[in-house]
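Heads up: the sequence shown begins at 11 in the numbering used here, then just goes up one per residue.
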Amino acid sequence: MAEHHGPDGPDPMRAAAVDDAAPALLAAWDIARQRATPLLSGPQLSALLVVEREEGINLRGLATQLRMILSSASRLCDRLVAAGMVERAPGRADRREIALFLTPSSRQLLDDLRTTRRELLTEVLQRMTPAGRAALLRGLTEFAAVADPEAPGAAIRSA
């Protein structure tokens with residue numbers, strides 16, 4: 011199929027089609043989150059994903075990644091520690107800093123989330139034609155690569 015380009019690049023109708031399809035994908039993500047992590051809020055899950063990606067991150071780094079003020083990130087971290095999801099330890103470089111690490115239970119929770127999400131996505135993908143699945147995979151792989159060229163495989167690693 012030939013690419014359709016307007017005067018300024020790709021056809022805006024294609025962007026609209028992606029925008030129209032995004033809610034179905036986001037709904038699958040949200041259903042999986044609710045099934046696997048019913049007691050975690052969205053920000054708590056986001057914090058776990060940041061700590062997983064950057065083991066040993068300090069509180070300031072977590073706040074920056076989550077785009078929160080430091081005091082909000084601190085309260086969020088306090089709740090995760092109380093729930094047994096995150097452990098605090100003295101920093102390696104500066105023992106006055108607190109480094110954050112996932113607990114075995116939070117690692118299991120994130121594994122369960124990914125398993126549930128993949129099961130839900132598999133159900134939908136099985137209803138697609140093989141050609142549609144292949145095109146979707148190619149497109150998503152390229153999209154992830156150009157959206158964040160610094161993180162190869164980001165779509166695969168993210169929760």
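All C-beta atoms in this analysis are idealised placements derived from N, C-alpha and C, irrespective of residue type, glycine included.
Cutting at 7 Å between CB atoms, please list the residues of its own chain near residue i, excluding the five before and the five after it.
i: A157; result: none
i: L130; result: A38, I41 and A42
i: L135; result: R143
i: T47; result: L55, L119 and L123
i: M11; result: Low per-residue confidence applies at M11: pLDDT is 45, beneath 50, and the placement is therefore not dependable, though the value from the model is reported in the following sentence. Counting only Cβ-Cβ distances below 7 Å, and skipping sequence neighbours, we find nothing.
i: R70; result: L80
i: A169; result: Residue confidence for A169 is low, a pLDDT of 49 falling below 50, so the modelled location carries little weight; the figure read from the coordinates is stated next. The residues are L59, L120, L123 and R124.
If residue i sits next to residue j, beta carbons under 8 Å apart, how far is it from one beta carbon to the other, in whole angstroms?
i: L58; j: L120; result: 6 Å
i: L76; j: V60; result: 6 Å
With distances taken from CA atoms, which of the options is nearest residue i?
i: G94; options: L76, S81, Q118 and T126; result: Q118
i: T113; options: A26, D30 and E65; result: E65
i: R63; options: R148, A141, S116 and R128; result: S116
i: P53; options: D29, R89 and G149; result: R89
i: V91; options: G71, L50, A34 and V28; result: L50
i: E133; options: A25, D29 and A34; result: A34
Looking only at its chain, what residues have a beta carbon closer than 8 Å to the beta carbon of residue i, apart from the 5 residues adjacent to it on each side?
i: R45; result: T126
i: M138; result: L146
i: A31; result: none
Leaving out five residues on either side along the sequence, give the residues of the same chain with a beta carbon under 6 Å from the beta carbon of residue i.
i: A73; result: L80 and A83
i: R24; result: none
So, are the CB atoms of residue i and residue j less than 9 Å apart?
i: S98; j: L86; result: The residue asked about is misnamed: residue 98 is Arg in this sequence, not Ser. Taking 9 Å as the Cβ cut-off, R98 and L86 do not qualify as a contacting pair.
Which residue or residues does DSSP assign as beta-bridge partners of residue i?
i: E97; result: F111
When every heavy atom of the ligand MN is checked, does at least one fall within less than 8 Å of the C-beta of residue i?
i: E107; result: Absent from the structure shown: the ligand MN. Ligands present: none.
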